[in-house]
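*Asks:*
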Amino acid sequence: MFNKKLIGLTILLSLIWVANASAEIKDGLWEMTTKVEMKGMPAQMPASTVRQCITKNNPVPQSDAKGYKCKTKDYKVSGDTVTYTVECTGKDSFVLTSGKTTYKGNTFDGTSTTNIKTKGQPEIQMTNKMSGKYIGPCTK
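In structure tokens:
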């Protein structure tokens, strides 16, 4: 159960930093797919796909990852590429995510690495592979 929450947080962090590159993203509905790979895990998680209305005024997807406080340590936009580092702290855990996303018109591709340190547990490392496509105008 706890690992599912951490994986959910990892996916959320990936989407947040993809969405925060609003200068490079068209306003509208985007479909974002994240595939999480964990070292040493015999069975991999299936890809997670969400649709989110992304605008310059509201670039962050809604979250259900309660109990974490996140802070951007590094965030750069260079041409069509965004790089970022985010630190999140929870009651008994620390999460560090670093990634890179490249936009190509109506699509993007990216990767990030997330390290999770939980009190009393071995450190977990996850690699997230993301892709996205612009769907069209938001319906709201």
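First residue of the sequence shown: 334, per this note's numbering; consecutive thereafter. Idealized CB from N, CA, C, for every residue including glycine.
1. For Asn448, report the span of its beta strand (DSSP E) as first-last.
2. I'd like the span of the beta strand (DSSP E) that includes Cys386, first residue to last.
3. Could you check whether the stretch 403-416 touches the stretch 433-441, counting it as contact only if at least three pairs of C-beta atoms, one from each stretch, sit closer than 8 angstroms?
4. Pick helix, strand or coil for Gly373, following the three-state DSSP scheme.
5. Among the candidates Met365, Asp360 and Gly361, whose CA atom is the shortest distance from the CA of Met463?
6. By how many angstroms is the C-alpha of Thr367 removed from the C-alpha of Thr422?
7. Can you list, in chain order, the residues of its chain with a C-beta nearer than 8 angstroms to that of Lys424? Leave out the 5 residues immediately preceding and following it.
8. Can you give me the C-alpha to C-alpha distance between Arg384 and Tyr467, rounded to a whole angstrom?
9. The beta strand (DSSP E) that contains Thr435, what's its start and end?
10. Check this for me: beta carbons of Asn461 and Val369, under 7 angstroms apart or not?
11. Please state the DSSP three-state secondary structure of Cys403.
*Replies:* This is what the structure holds:
1. Taking the sequence shown and counting its residues from 1, the one referred to as residue 448 is at position 115. Here the beta strand (DSSP E) through Asn448 covers Thr440 to Thr451.
2. For this step, residue 386 is matched to residue 53 along the sequence shown. Segment Ser381 to Ile387, the beta strand (DSSP E) holding Cys386.
3. The stretch 403-416 makes contact with the stretch 433-441, as at least three CB pairs between them are under 8 angstroms.
4. Translated into positions along the sequence shown, residue 373 becomes position 40. Correct three-state label for Gly373: coil.
5. As a first step, residue 463 must be located in the sequence shown, where it is residue number 130. Across the set Met365, Asp360 and Gly361, the C-alpha of Met365 shows the shortest separation from the C-alpha of Met463.
6. Translated into positions along the sequence shown, residue 422 becomes position 89. Translated into positions along the sequence shown, residue 367 becomes position 34. Thr422 and Thr367 have their C-alpha atoms spaced approximately 22 angstroms apart.
7. Translated into the one-based positions of the sequence shown, residue 424 becomes position 91. Excluding residues within five positions, the ones whose Cβ falls inside 8 angstroms are Gly400.
8. Here residue 384 refers to the residue found at position 51 of the sequence shown. Here residue 467 refers to the residue found at position 134 of the sequence shown. C-alpha separation (whole angstroms): 10 angstroms.
9. On the sequence shown, position 102 is the one that residue 435 refers to. Thr435 -> beta strand (DSSP E) spans Ser426 to Lys437.
10. For this step, residue 461 is matched to residue 128 along the sequence shown. For this step, residue 369 is matched to residue 36 along the sequence shown. At the C-beta level, Asn461 and Val369 come within 7 angstroms of one another.
11. Reading the sequence shown from its first residue, position 70 is the one you call residue 403. Of the three classes helix, strand and coil, the one that applies to Cys403 here is strand, per DSSP.
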